[in-house]
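Before any comments, here is the structure.
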Amino acid sequence: MSLAKTNHHTCSSRETNAIPRRTPREVMRLARMGSFHASRLSFMRVVLRELIDKEWKIIRSDWQLDEQGVGHAVYTVRLPNNGTDSGTDNDTDSGTNNGTDSGTDSGTDNDTDSGTNNDTDSGTDSDTDGGTGTTDKAQELSLVVFSHNLPDEKRSDRVIATEWDVTFALTTGIPDQATLRRLRANVPVQEEGRVSESEWVLSRANRSVRLFNHTVERLAQGQQPDGQMVDAIGYLMRTTAVYGSGKFGLADREVLCQVNQFFAGPFRAELLAVYLIRLFTYDLVEHLAKVKAQAQGTTPAKLSPTMRQKLGIGNSTGLGMAPFLLTHPALLGNWLMAREEALARVRSIEQAEAEKVEIFTDRLIRMERLAELWEVSHEDYQQRIDQLRSDLVRLRGEGLTLLHKAESQPWNELYLWTSQQLGTEATECLVSLLLEPYPELVDPLADCMDANESAEFIIDGARPVGEIRGVLNRFYGWTSPEDFKSDSANALVWYTSAEKLEPRLGFAAEGLSPYERPLAAARDAMRLAEVLRNTPDNSPIAEVLLAHPELRDAVRRLQILERHPYAEICDNTIDESLSPLDLLRCKLSFFGATRFDPRSDRWLRICMYQGAPIPDETGQVRGTDDWIYPPVA
Amino acid sequence: MSESISLSLNEVESLCAKAVHGVGYPWGVAADIAKAVRWLAERNLSGLEPLAQALEKKEDKAIVFAVSLSDRALAVVESRLEIEESDSPLLLVPFLAWASVLAQTNLQADFGAVALCFVPALEAADSLAAIQVYGDLTQLPKSCAVSVDSVAVPTPSLALWHGKATRLVVEGKDLEVFARLEELAYNTYAPATEESRRSGAGSALSDND
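Respectively, the protein sequence lines represent chains A and B.
Numbering-wise, our numbering puts 432 at position 432 of the first sequence, and it's gapless, one number per residue.
Numbering-wise, our numbering puts 1183 at position 183 of the second sequence, and it's gapless, one number per residue.
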C-alpha cells in the first residue's frame, strides 16, 4: 500500500477472506479508464458533502449588472473556522519548527495578515502574501464574476478564444474596491492578465446559446423553460478552462492548504468555483428575464427550485487536460488506488443487507435514466451508450436476480457476472454503483487522493541497475522494446503550441518531434530497458544517467511507480490508435462529470453538478449525496 | 514592463524547466534543475540569474555537474570534494542538500565567504536536510571555489534555515533575466500554424450552440 501516509489507517486493511483489488494491468488500460463513470469518490461529490456536512454558507454579496447583463457580481462562501488549526501557529517563532506538522504552518515569516485584499495598489503583481494568512478573514472565499455582452460571432469554447460571456476568479476574503479594480483589469483577459496569490482559481464560461436564450424568453413570459430542453442540454453555461495551481500568478496548491486543510484534496478549489458559477447562471437569466419583462410589460418568473437543480454547469475540454494524467503519476496512482480499494472493500462484503440492496437498486434504476438522457452526436460513442443502456437493463434483470440468490459475497458475484457478461462501460458503471450504498467504507478514501509529489522526485542514484531492471519489468512487462520499432507505435507527438501554450497532439511525420513533450512513458521505459540490457546488475543507476541523461525521467518514474502501483497507464500513449478521449474521460470522471459528449476525437463536452442541491435562502446547502443520479421521470 | 512580477512557485519551476530544455538539455535534467530553482525560491533566493548564466554559457559542467551531485550522493560524502571554480555555486546548494538526505550523512559546503551545514538527521519540514547557514547566501559570488566535506557538526545555537516563501518576486535586474529565460523557454513551443490549430487541437463540430 502506498497511499498518503497520514491516512494509512483509513486506506488499508480488510477482512482475511477479502477480495483483492483488481490488478494494475487489468485496470490501467486506456479503453477501461476511458469508460470510468463518476462515483462517490469524485471530487464534486466530495466538495458537496463538505459544503453540506460542515454547513458552509454561500451568499451573493454583490450584484452590479446593468440591463445588458454587463457588470460584476460576487458570491461569498463562509467556511467554518474549524477548517484548519493553522491559525494558532501564526505567531510562533519560525526557527523552532521541528517539522512534525509541516503541512499547515509555513509561510509565517511573510506578513501573515491576510488583509492583502485591502491593498490599495491595483497593480498586477505587487501582492505577494495574500491567501497565506490564516485569520478569520481567510475563511471567506469569494467568486468574483465579470459578465460581458459578447456578440454571438465572438463566442468560442476553444482555448484560443480571447473573449467570453463571463470570466471569474475565486479569491480569498470579500473583495474591496481596490481588489475589484485589480481583478477587473486582469480577469476578463484571462491568460493575458496576472492575478495574485490571493486568487485561487481563474476561469471563464460561455452561454449555451440554445438553452440560455430560451430560458430568458420563457422566464420573461412568466414561464419555466421547457423541461425536455433542460434535460437534453443540462446547463445554461459551460466553462472552457478552469485554471488553478499557480497558473498566471494564482496561489500554488500548498498555499490553499494553509488556509484550509480541506483544499489539500485534488481540484477542490477549482470545483468549488465551478459550483459557484452555476449559481451565477441562474441569477443572470433571471436578471435578463426581468429586464425583458419590463420592456414587454409582462410579469417575469423565477427559476423554480426543481429547474435550478436540473441545471448543472457545462464544460468544454480539449487536449489541455490530457497530459495531466501522464505528468502526475503519483496523483493518478492514488486516485486509482482509492477507487480500486473501494471496489475491493464492497466486493468483499459477506452479506448484503436489504437496505443496502435497496439503495443499490434505486441508483441502478436512476442510472438507467441518466443513460437515457446521455445523447451524443459522435456515432461510435453513441453506440457505446446504446450498449450501456441495454446492459443496464440486463443488470437490473439477471444481475439483481443473481444478487438475491448469492449465498455469500453477493456484490462480488454481481461484479464477476457483469465483467464476464456485459461490456466495459457497464462494468465500470457498476463499479460506481457498487460504491453507492457504502459511504462508511468508501468516503474516507477520498482523503487518500492527494499526493506529495516532491517526496519521490529526487532520484536515488545509488540504486543498482539490477534492482531498477526488476522494477521496470514489473511495471512494463506488458510491452517490449520491439513494440516500439514500428512507425505506427511512434506515430504521435505531444507538443505545446506557441499559441496560448495549448497542449496539442500531432504526427511525428509533421516534423513536430523537436517540440515533443515527454509524455510517452512506455517508449522511454523501453529505451531505458535497452540500455540496461548491457549494464551489469551491480552498477549504480547514476552511472547510466551520466551517460544517458535523456533517461532521467524514465528512471524517476520507476521510483514513483514503486510506491504507486496504479500510477502507470499500460498502453502506448503515442501509438497511432491512441484515443485521447480516454484520458480526458478518466480525469473528468474523477472530477464527477457526467454525459461525456465527444465533439471530435480530441475534445468533448460534459455536464457538471447537474442535479446537485443548491443553497437555501439562508445560504446553506441542504440535500443528500445521491444527486448525481437523476430522479426517475 | 512592470516593476516587479510575483511568480507562483509552479511558474518558477515550469519556466525554468522549459528554459533548460529550450537550450537542449533533456526534459529529465531540466526537471531537476527547475526543482532546484524552486527549492531556492522557497528559501527567498532567486536562482534565475545563476541559471541563465549557466544556460547561456552553454557551460555543460554547471548543469550536468549540479545534477550529478545528488545522483552520486554516496561518492560525494565518501570523499572530500573540491571544485576549483564553480560558475553557478548557488545552483549546487539544493543538490548538496539532496545528496545529504540520500546518503543520510551530514555535509559541510564551504563557498569562501559563506558556508552551509546540511543535517539530514534533523529532518526538516519539507523532508529535506535541515540546513544551517554561516554567512549571507545572497552575497554568494557568481563564481567561486567550493569544497564539500562530510565532517560537519551543526552548531546547536544556530537556527535552521527553512523553505517557507510561497512566491518569487522578480524585480530589478532579475526582470531582464526573467525575460531571457522566457525567450529560452519559448524554444520548446511549436510555431502556431493553421494545420496545428485544426488537427492538433481537434476542432470539428461547432462549439457555439
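Note that the Cβ used here is the ideal one computed from N, Cα and C, for glycine as well.
Quiz item: Rounded to whole angstroms, how far is the Cβ of Gly1028/B from the Cβ of Asp553/A, which I believe are closer than 8 angstroms?
Solution: 4 angstroms
Quiz item: What residue from Arg1180/B, Thr1166/B, Arg1080/B has the CA that sits closest to Pro1050/B's CA?
Solution: Arg1180/B
Quiz item: Whose C-beta lies closer than 6 angstroms to the C-beta of Asp53/A among residues of the same chain, with five residues either side of it excluded?
Solution: none
Practice problem: Tell me whether Tyr1186/B is buried or exposed, calling it buried when 16 or more other Cβ atoms sit within 10 Å of its Cβ. | Solution: exposed
Quiz item: When burial is assigned at 16 or more other CB atoms within 10 Å of the CB, is Asn81/A buried or exposed?
Solution: exposed
Self-check item: Length of the line joining the Cα atoms of Ile560/A and Gly511/A
Solution: 32 angstroms
Practice problem: Look up His72/A in the DSSP assignment and say whether it is helix, strand or coil. | Solution: strand
Quiz item: Roughly how many angstroms separate the alpha carbons of Leu1007/B and Gly249/A, rounded to a whole number?
Solution: 6 angstroms
Practice problem: Would you mind telling me which residues of chain B sit closer than 8 angstroms to Arg210/A, beta carbon to beta carbon, in chain order? | Solution: Asp1209
Exercise. Residues of the region 255-274 of chain A with a CB closer than 9 angstroms to any CB of chain B: list them in chain order, please.
Key: Val255, Gln258
Exercise. Report the rounded CA-to-CA distance for Val357/A versus Asp443/A, giving the unit in angstroms.
Key: 18 angstroms
Self-check item: Identity of the residue in Ala525/A, Leu303/A, Thr298/A, Ile606/A nearest Trp478/A by Cα
Solution: Ala525/A
Exercise. Say whether the region 1015-1031 of chain B touches the region 1093-1112 of chain B, bearing in mind that this needs 3 or more beta-carbon pairs closer than 8 angstroms, one atom from each stretch.
Key: no
Quiz item: Leu1107/B by DSSP, collapsed to three states: which one?
Solution: strand
Quiz prompt | Straight-line gap, Asn149/A to Arg210/A (C-alpha atoms, nearest Å) | solution = 16 angstroms
Self-check item: is_contact[Tyr495/A, chain B] using C-beta, thresh 7 angstroms
Solution: yes
Practice problem: Check each candidate in Asp582/A, Gly611/A, Val621/A and name the one with the smallest Cα separation from Ile313/A. | Solution: Gly611/A
Quiz item: Would you say Arg527/A reaches chain B, if we count a Cβ-Cβ gap shorter than 7 angstroms as a contact?
Solution: no
Exercise. Please check the pair Ala1220/B and Leu1168/B, which I expect to be a contact at CB under 8 angstroms, by giving their CB distance rounded to whole angstroms.
Key: What the structure shows of chain B is the stretch from 1001 to 1209, and residue 1220/B is not part of that stretch, so it cannot be assessed.
Quiz item: Going along the chain, which unbroken runs of the beta strand (DSSP E) with 3 or more residues stay wholly within the region 491-571 of chain A?
Solution: 492-496, 503-507
Quiz item: Where does Val166/A fall in DSSP's three states?
Solution: strand
Quiz prompt | Spatial neighbours of Val27/A in its chain, beta-carbon cut-off 7 angstroms, leaving aside the 5 residues before and after | solution = Leu336, Glu340, Tyr566
Quiz item: What separation, rounded to the nearest whole angstrom, lies between the Cα atoms of Ala1192/B and Lys587/A?
Solution: 27 angstroms
Practice problem: Assign Asn334/A to one of two classes, buried (16 or more other C-beta atoms within 10 Å of its C-beta) or exposed (fewer than that). | Solution: buried
Quiz item: Does Val1029/B come within less than 7 angstroms of chain A when only Cβ atoms are used?
Solution: yes
Quiz item: Does the beta carbon of Leu1168/B sit closer than 7 angstroms to a beta carbon anywhere in chain A?
Solution: no
Exercise. Could you please give the first and the last residue of the uninterrupted beta strand (DSSP E) stretch that includes Phe1118/B?
Key: 1115-1119
Exercise. State buried or exposed for Gln294/A, treating a residue as buried only when at least 16 other CB atoms are found within 10 Å of its CB.
Key: exposed
Practice problem: Decide if Gly87/A is buried, meaning its Cβ has at least 16 other Cβ atoms within 10 Å, or exposed. | Solution: The pLDDT assigned to Gly87/A is 38, lower than 50, so where the model puts this residue is not dependable, and the model offers no usable value.
Quiz item: Quick one, which residues of the region 458-469 of chain A are near chain B if we go by CB-CB under 9 angstroms, in chain order?
Solution: Ile458, Ile459, Asp460, Gly461, Ala462
Exercise. Could you name the residues of chain B that Pro175/A contacts, counting a contact when the two beta carbons are closer than 9 angstroms?
Key: The premise fails here: Pro175/A is roughly 18 angstroms from chain B at the closest Cβ pair, so nothing lies under 9 angstroms.
Practice problem: Please compile the residues from chain A whose C-beta is within a distance smaller than 9 angstroms of the C-beta of Glu1182/B. | Solution: Under the 9 angstroms cutoff, chain A gives no residues; its nearest Cβ is about 11 angstroms from Glu1182/B.
Practice problem: Alpha carbon to alpha carbon, how far is Ile233/A from Asp62/A? Give it in angstroms, no decimals. | Solution: 29 angstroms
Quiz item: At least one CB of chain A closer than 7 angstroms to the CB of Asn1010/B: is that the case?
Solution: yes
Self-check item: Residues of its chain near Ala1190/B, where Cβ-Cβ distance is below 7 angstroms and the 5 sequence neighbours each way are ignored
Solution: Ser1196
Exercise. Provide the residue(s) that pair with Asp62/A in DSSP beta bridges, ordered along the chain.
Key: Val74/A
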